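To start, the structure itself, in structure tokens.
Numbering (the numbering used here), first residue to last: 114 to 213.
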């Protein structure tokens, strides 16, 4: 059986290793921004369906949220649509416009 050459130790001194010269990073090439997207200082653009709208949130118990999701599934709609319908019913009951 032939003997193989002995490998150098991983723990041996690294003095004999010559470091590679540092490469200076160049500035990235400018990227063209599409004209249809206006910079707003946000991390991401606002969906068109949400333009001009504001968030109104509430905290629900786990059971109430589960029931709301089941109702949305049963009606083949979204939780957001059910909440919007409910808010419009409250507006109507109070004699206000159904604008939600």
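Every residue, glycine too, gets a C-beta built ideally from N, C-alpha and C. These numbers were taken from a predicted model, which means no experiment stands behind them.
- Looking only at 192, 176, 143 and 204, the smallest Cα-Cα distance to residue 170 is reached by 192.
- Per DSSP, residue 154 lies in no alpha helix (DSSP H) segment and is marked neither H nor E.
- In the DSSP assignment, residue 192 falls within the alpha helix (DSSP H) that extends over 192 to 206.
- Just so you know, the alpha carbons of residue 135 and residue 120 end up roughly 29 Å apart.
- For the pair residue 118 and residue 133, the Cα-to-Cα distance works out to about 27 Å.
- In the three-state scheme derived from DSSP, where H, G and I count as helix and E and B as strand, residue 175 is classed as helix.
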